[in-house]
Each structure stands twice: as structure tokens, then as C-alpha cells.
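Quick note on numbering that gives the first Met the number 0: the sequence shown kicks off at 0 and runs consecutively.
Every residue, glycine too, gets a C-beta built ideally from N, C-alpha and C.
Here is the structure we will look at.
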Amino acid sequence: MNKFFRLFSLIITVLSVILLTVPFLFVINEGLQSFFSFPYPKEIIYALKLSMKSSIFSSILCMIFALVIVWNVSKLNSKMKVILDYIFSFPLGLPHIISGIALISFFGAKNFGKFLSPFGIDFVYTTSGVVLAQFFVNLPYTIKTFSALFETIDENLIFAGRNLGLTDFEVFLHVVLPLLKNQILCIWLICFSRALGEFGACMMLVGVTRMKTETLATSIFLNMTTGEFDVASGICIMLMSISLIVMIISNLIFKRDNNVKNR
């Protein structure tokens with residue numbers, strides 16, 4: 000029975016490795032020529048710039064909001080924590096396309112959007128909407144991740160800080176953030192990578208307009224619909240390359256942090 004289980008485990012592992020690698024190799028094979036075709040079309044350059052700028056900005060916003068929210072929630076009673084946990088966790092189980100529909104419904108001209116338009120603020124079919132969509136889908140994930148991270152903090156350190164006369168803000172700034180600086184950087188990198196690949200919410204809220212709201216993720220869809228599979232595959236390689244770099248940097252930071260703790 001033990002031999003059968005070991006064989007079964009080996010087969011499952013090998014099949015999983017094949018499934019999770021070979022399809023990407025086919026995409027790389029299809030898109031290599033397009034990926035190395037310099038210079039890139041201006042539409043691709045625009046999509047790359049918009050994706051990078053919006054992802055950096057939205058992920059930084061996510062980090063700020065999530066850190067402040069989790070710090071405040073950690074001081075509430077258990078009943079309020081449970082209620083807020085459900086509120087923040089609910090969007091995690093939803094398809095991002097539903098998040099996009101919710102955003103366009105709320106920020107549309109018939110609802111909250113009509114109060115923003117006199118101030119020149121518009122999130123529907125604009126680049127600002129790209130940032131909002133990325134922020135909206137990533138915030139619950141970031142909050143959930145930080146919630147788990149904050150539970151690892153030694154409460155005695157926070158208690159000691161307060162005994163020394165530090166305010167809540169000073170404890171947060173001088174005790175909590177320095178303790179978690181490496182983990183925060185890793186979470187930001189993951190958040191950035193997730194924002195870079197956001198499709199569903201962006202598609203619903205801002206659509207895909209060449210040289211206006213086209214990101215790398217929506218550009219893949221646009222090129223697929225026009226039959227340019229090689230171009231779409233080339234853009235896939237761009238996103239995969241960025242994700243790989245982010246993953247390597249995150250792992251290096253994580254390993255360095257573990258080495259420091261084990262000394």
C-alpha cells in the first residue's frame with residue numbers, strides 16, 4: 000500500500016509539473032518572435048507604460064490603506080473583528096468581472112459619479128479607472144495578508160513601546176513597521192504583480208481603448224480578438240518576465256529575512 004501511495008504521489012506530482020509548465024512553454028514559443036521584434040509598436044509601449052504606472056500607484060495605495068486598516072482593526076474587540084473580516088474577505092471569492100460591474104455601477108454618471116464629475120473626477124473609461132480597478136481588487140487580498148502577518152508580532156514589544164510613553168502612531172511607526180519591513184516589501188511586490196495582470200475589473204470599468212485605457216492584460220485580449228495571437232503571446236512573455244523577476248526578488252528578500260532571524 001505504501002509503494003502504491005508513493006507511486007501515485009509521484010505520478011500526480013509529475014503530471015502537475017507538466018500541466019503547470021508546458022502550456023507556458025507553448026505560449027513562449029508562439030510569442031518569442033513578437034517579443035524580440037524591436038522597436039515595439041507604439042500601442043504596446045503605451046500599454047506597458049500605463050500598466051507600470053498604474054500598478055505602482057495602486058499597489059502603494061493598497062499598502063497604505065491595508066496597513067492602517069489592519070493596525071486599527073487589531074485594536075478592536077473580537078466581535079467587530081469578525082464582522083470586518085467578513086466584509087474585507089467577501090470580495091476575495093468574487094470574479095473580478097463582478098467587481099468591475101460593481102465599480103461602474105457605483106461610479107457611473109447615474110450614481111456617485113454625478114457628484115464627482117463637477118470636480119473633474121471620472122473613473123469610467125479613464126486611466127484613473129485603471130488605478131481604481133487595480134486598487135479595488137487588490138485591497139481585500141492585501142488586508143487579509145497583513146492580518147495574518149500582524150498576528151506574528153510579539154505583543155510584548157507593542158506593550159513595551161506603550162509603557163515607554165509612545166503613542167499608537169509612534170508604536171506603529173517605530174515598532175511595527177521596522178519589524179515587518181521585509182515582509183511589507185514582499186507583499187508590495189506581489190500586490191504590484193497582481194495589479195499588473197488585472198483584467199476583469201479593468202475591462203468592465205474602463206474598457207479597452209487603444210492609446211487611452213489599454214493595459215498589457217487588456218491588450219492581450221484585444222490582440223486575441225483581432226487574430227494576432229503572436230502579438231498576444233509576446234505580451235504574455237512580457238508579463239511572465241516581470242512576474243518572474245518579482246518572484247525572484249521576493250524569494251531573495253524572504254530568504255535574507257529568515258537568515259537574519261536564525262542568527
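When the options are compared against residue i, the one with the closest alpha-carbon
i: residue 245; options: 216, 204, 27 and 195; result: 195
i: residue 136; options: 17, 91, 221 and 218; result: 91
i: residue 68; options: 177, 141, 186 and 160; result: 141
i: residue 191; options: 88, 25, 27 and 60; result: 60
i: residue 176; options: 122, 203 and 148; result: 148
i: residue 251; options: 181, 235 and 226; result: 181
i: residue 205; options: 123, 151 and 225; result: 123
i: residue 23; options: 233, 93, 11 and 56; result: 233
i: residue 48; options: 225, 218, 226 and 253; result: 218
i: residue 167; options: 5, 74 and 1; result: 74
i: residue 57; options: 247, 193 and 8; result: 193
Residue i and residue j closer than 8 Å at C-beta
i: residue 215; j: residue 46; result: yes
i: residue 62; j: residue 183; result: yes
i: residue 188; j: residue 249; result: yes
i: residue 212; j: residue 186; result: no
i: residue 139; j: residue 87; result: yes
i: residue 239; j: residue 231; result: no
i: residue 242; j: residue 133; result: no
i: residue 207; j: residue 220; result: yes
i: residue 42; j: residue 237; result: no
i: residue 152; j: residue 178; result: yes
i: residue 235; j: residue 21; result: no
i: residue 72; j: residue 80; result: yes
i: residue 121; j: residue 107; result: no
Limits of the alpha helix (DSSP H) - the one that residue i falls within
i: residue 170; result: 167-170
i: residue 223; result: 215-224
i: residue 15; result: 1-34
i: residue 66; result: 41-72
i: residue 184; result: 176-195
i: residue 95; result: 95-105
i: residue 267; result: Outside the modelled stretch of the chain, which goes from 0 to 262, sits residue 267, for which no answer is possible.
i: residue 125; result: No alpha helix (DSSP H) holds residue 125; DSSP gives it neither H nor E.
i: residue 264; result: The structure shown does not extend to residue 264, since the chain spans only 0 to 262, so no value can be given for it.
i: residue 203; result: 199-205
i: residue 154; result: 154-162
Below-8 Å beta-carbon distance, residue i vs any chain D residue
i: residue 119; result: No chain D appears in the structure shown, which is made up of a single protein chain.
* Specify whether the segment 27-38 and the segment 167-183 touch according to this definition: at least 3 beta carbon pairs, one from each stretch, less than 8 Å apart. => Not touching, per the Cβ criterion.
* Asked: Would you say the segment 120-130 touches the segment 96-110, given that touching needs at least three Cβ pairs under 8 Å?
  -> Segments in contact, yes.
* **Touching by the beta-carbon criterion (3+ pairs, under 8 Å), the segment 195-215 and the segment 85-99** => With the rule of 3 Cβ pairs closer than 8 Å, the segment 195-215 counts as touching the segment 85-99.
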